[in-house]
Amino acid sequence: MLLLIDISLHEPLNEIQSDEIMHAKFKGEKYNIWKTTDIATKYPLLWDKAQFYVIAFPTSYLVEAAFSRVSQMLSKDRNRLDIVKRGYLRLSLTSI
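First residue of the sequence shown? That's 16 in my numbering, and the numbers climb one at a time after it.
Structural data, given as structure tokens:
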């Protein structure tokens, strides 16, 4: 499969692949690598392209999780339970 990448991203991608500090950070924090502030300042072109994916995934995940929880709460299997046993939607979606 051919992956088309913008020519301007080749240099930052090569730099980040050969950066040993970034490799160590990635091994330690696989999911929080884009939250570090030096990524946005060190690789601004790469961050401009990646930030939309980093931001879009959690929001779509939360929407799908909320929809699943609502459908579970209101399904035919659970309609015999009273509202107290069903729980509140806000409490079921947050991790306290």
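Built from N, CA and C at the ideal position, the CB exists for glycine as well.
Here Tyr-68 carries a helix assignment [DSSP, helix/strand/coil]. In this chain, Ile-22 is not harboured by any alpha helix (DSSP H), its DSSP state being neither H nor E. Distances from the alpha-carbon of Lys-57 to those of Glu-26, Val-85, Phe-82 put Glu-26 closest. For Phe-67, there are no CB contacts under 8 Å within the same chain when 5 residues up- and downstream are skipped.
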